[in-house]
Amino acid sequence: MKVKVISVLEDNYMYLVIEESTRHALAVDAAVPKRLLEIIRKEDVVLKAILTTHHHWDHARGNEELAQLLPGLQVFGADERIGALTHRGDPDPLSPQFGTIRVRCLFTPCHTSGHMCYFMWEDDSPDAPALFSGDTLFVGGCGQFFEGTAEQMYTNLTQILGTLPKDTKVFCGHECTVRNLKFALKVEPENEVVKEKLAWAKVSDGMCQGCQGVAWQRDLDISVPWQQRDDEDLPTVPSTLQEEFLYNPFLRVTEEAVQRFTGRTEPVEVLRALRSHRDTFKKPKERPNPQAMLAFDWGLFGPFLEKK
1117 MKVKVISVLE
1127 DNYMYLVIEE
1137 STRHALAVDA
1147 AVPKRLLEII
1157 RKEDVVLKAI
1167 LTTHHHWDHA
1177 RGNEELAQLL
1187 PGLQVFGADE
1197 RIGALTHRGD
1207 PDPLSPQFGT
1217 IRVRCLFTPC
1227 HTSGHMCYFM
1237 WEDDSPDAPA
1247 LFSGDTLFVG
1257 GCGQFFEGTA
1267 EQMYTNLTQI
1277 LGTLPKDTKV
1287 FCGHECTVRN
1297 LKFALKVEPE
1307 NEVVKEKLAW
1317 AKVSDGMCQG
1327 CQGVAWQRDL
1337 DISVPWQQRD
1347 DEDLPTVPST
1357 LQEEFLYNPF
1367 LRVTEEAVQR
1377 FTGRTEPVEV
1387 LRALRSHRDT
1397 FKKPKERPNP
1407 QAMLAFDWGL
1417 FGPFLEKK
């Protein structure tokens, strides 16, 4: 199977998963229909289903439009708030199959009460499996506990996602890797793996590291060497589950350094404290909008700024 990484909105990811023998495809978190349809036409595939991780608009707002445009389209999820839903996987687990692509729906409530992750693989394939983790597991981080508890997130990370094969490719819902790893470095300032991953995330040298396994492509120009990821919005997905255990503090709650940072030792309490610290972690300064700065240079805002 081939995974197309599609950057949309401010920092969201949509994904198009293609079964190459039939040219059938699945979309994960179809937030921007127009962009998704462009990629579908470009790839010459037939969209068979949408897999929605949760109901938030930046993940699910395109469902209704796509369902109207594509009669018979299946929409999977675990929350009745998801638009155009045809297959609900909560509380009963769903394991649909699309050609050679098998899907295991993993119920992971916490970020929202109806959050679902999707684990995909092909039987008898040497390729690594893929996890579409939405806003539960990020590269170097985890999602906020909007509608759940630390206990739920701990279960999600350790018993549900953490037990998947270690070579699993992790495709998350947002590009927030640099911010996550800056926080991880604050938690474990001596962790060399965190330092290396943060440097890699900032600079695109080595952008093909970890690409073995699932055949995946970014829907971006990545041909320019030494391009700054943080400046050019280049994706840092996928990571692997094995890597996450080395630098993601939310998967390292039993490590002495992480427990020392939080002042807790019980794993759930460590996770709870980490999330609290991450929620208040200083965000990077917003960069001035280049178009706005140009307008200032040209004096276009002058009439609005003059005192009456």
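Position in the sequence shown (first residue = 1) + 1116 = our numbering. The beta carbon of each residue, even a glycine, is placed where N, CA and C say it ideally should be.
For His1170, the nearest candidate out of Leu1152, Val1191, Tyr1270 and Leu1390 (CA to CA): Val1191
Assigned secondary structure, Phe1214 (DSSP; H/G/I helix, E/B strand, else coil): Per DSSP, reduced to three states, the secondary structure at Phe1214 is strand.
Pairwise C-alpha distance: Leu1357 and Gly1326: Any reading at Gly1326 is ruled out, since the residue's pLDDT is 34, under 50, leaving its predicted position unreliable.
Cβ-Cβ distance between Gly1230 and Asp1195 below 7 Å: Taking 7 Å as the Cβ cut-off, Gly1230 and Asp1195 qualify as a contacting pair.
Other residues of its chain near Leu1336: CB distance less than 6 Å, five sequence neighbours each side excluded: Any answer about Leu1336 is weak, because its pLDDT of 37 lies below 50 and its placement is not dependable; what the coordinates show is given next. Result list for Leu1336: empty, nothing under 6 Å.
Opening and closing residue of the alpha helix (DSSP H) in which His1140 lies: Unbroken run through His1140 is the beta strand (DSSP E), His1140 to Val1144; no alpha helix (DSSP H).
Contact between the region 1250-1260 and the region 1357-1377 (3+ Cβ pairs under 8 Å): yes
One or two residues paired with Phe1079 in a DSSP bridge: In this structure the chain extends from 1117 to 1424, so residue 1079 is not present and cannot be described.
Own chain residues within Cβ distance below 6 Å of Val1340, not counting five before or after: A caution first: Val1340 carries a pLDDT of 28, below 50, which makes its placement in the model unreliable, though a value can still be read off. Nothing meets the Cβ criterion.
Cβ contact check for the region 1198-1206 and the region 1175-1189: 3 or more pairs under 8 Å: yes
Option nearest Thr1284 by Cα separation, candidates Leu1387, Val1162, Gly1264 and Glu1238: Glu1238
Cβ contact check for the region 1304-1318 and the region 1260-1275: 3 or more pairs under 8 Å: no
Every unbroken beta strand (DSSP E) inside the region 1169-1233 [3 residues or more]: Those beta strand (DSSP E) runs which fall completely within the region 1169-1233 and span 3+ residues are 1190-1193 and 1217-1223.
Bounding residues of the beta strand (DSSP E) (the contiguous stretch that carries Ser1123): Its beta strand (DSSP E) spans residues Lys1118 to Val1124.
Val1161 - DSSP class collapsed to helix/strand/coil: DSSP places Val1161 in coil when its eight states are reduced to three.
Beta-bridge partners of His1290, as assigned by DSSP: Asn1128
Range covered by the alpha helix (DSSP H) that runs through Phe1377: Glu1372 to Thr1378
Ser1392, enclosing alpha helix (DSSP H) - first and last residue: Pro1383 to Asp1395
Host alpha helix (DSSP H) of Ala1244 (start-end): Where Ala1244 is concerned, there is no enclosing alpha helix (DSSP H), given that its DSSP letter is neither H nor E.
Environment of Gly1205 [buried if 16+ CB atoms lie within 10 Å]: buried
Cys1288 versus Trp1316, Met1232, Gln1268 and Glu1267, residue with shortest Cα-Cα distance: Shortest Cα-Cα distance from Cys1288 to any of Trp1316, Met1232, Gln1268 and Glu1267 involves Met1232.
8 Å contact criterion, which Leu1132 and Ala1165 should meet: CB distance rounded: Going by Cβ atoms, the distance from Leu1132 to Ala1165 rounds to 11 Å, so no, they are not a contact pair.
Where the alpha helix (DSSP H) containing Leu1362 begins and where it ends: Leu1357 to Tyr1363
Simplified DSSP state of Ser1339, which is helix, strand or coil: Residue confidence is low: Ser1339 scores 29 on pLDDT, short of 50, so the model does not pin down where it sits. Its coordinate-derived value is still stated next. Here Ser1339 sits in coil by DSSP.
Residue environment, Pro1281, which counts as buried when at least 16 other CB atoms sit within 10 Å: exposed
Nonlocal neighbours in the same chain, by C-beta distance under 8 Å from Leu1185, ignoring five residues either side: The residues are Pro1149 and Leu1153.
Among Ala1389, Leu1314 and Trp1173, nearest to Glu1359 - alpha-carbon criterion: Leu1314
Own chain partners of Ser1211 with C-beta closer than 8 Å, once the 5 adjacent residues on each side are dropped: Contacts found: Arg1218, Val1219, Arg1220 and Cys1221.
Sequence-distant residues of the same chain with beta carbon closer than 6 Å to Arg1139, five excluded per side: Val1161
Chain B within 7 Å of Gly1215, Cβ atoms only: Among the chains in the structure shown there is no chain B, since it carries only a single protein chain.
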